[in-house]
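Asks: Provided herewith is a single structure, encoded as structure tokens, for subsequent inquiry.
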């Protein structure tokens, strides 16, 4: 199951906390484009 962050899909492997209303992710690489 992937998570959507704006127009980006977040892999479950980078999500370290998930609640009913939110999720927290490890930002090893910027999600936004330069």
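In the numbering used here, the protein residues as written are 27 to 60. For every residue, glycine included, the Cβ atom is placed at its ideal position computed from N, Cα and C.
What three-state label does DSSP hand residue 40 in the structure shown?
Replies: Position 14 of the chain shown holds residue 40. DSSP places residue 40 in helix when its eight states are reduced to three.
Asks: Tell me which residue opens and which closes the beta strand (DSSP E) that residue 51 is part of.
Replies: Numbered from its first residue, the chain shown carries residue 51 at position 25. Residues 49 to 51.
Asks: By how many angstroms is the C-alpha of residue 54 removed from the C-alpha of residue 46?
Replies: If you number the chain shown from 1, residue 46 lands on position 20. If you number the chain shown from 1, residue 54 lands on position 28. Distance between the alpha carbons of residue 46 and residue 54 is about 24 Å.
Asks: State the Cα-Cα distance for the pair residue 40 and residue 34, rounded to the nearest angstrom.
Replies: To locate residue 40, count along the chain shown from 1; it is residue 14. To locate residue 34, count along the chain shown from 1; it is residue 8. Answer to the nearest angstrom: the Cα atoms are 13 Å apart.
Asks: Indicate the three-state DSSP secondary structure (helix, strand or coil) for residue 54 in the structure shown.
Replies: Position 28 of the chain shown, counting from 1, holds the residue named residue 54. Residue state, collapsed to three classes: coil.
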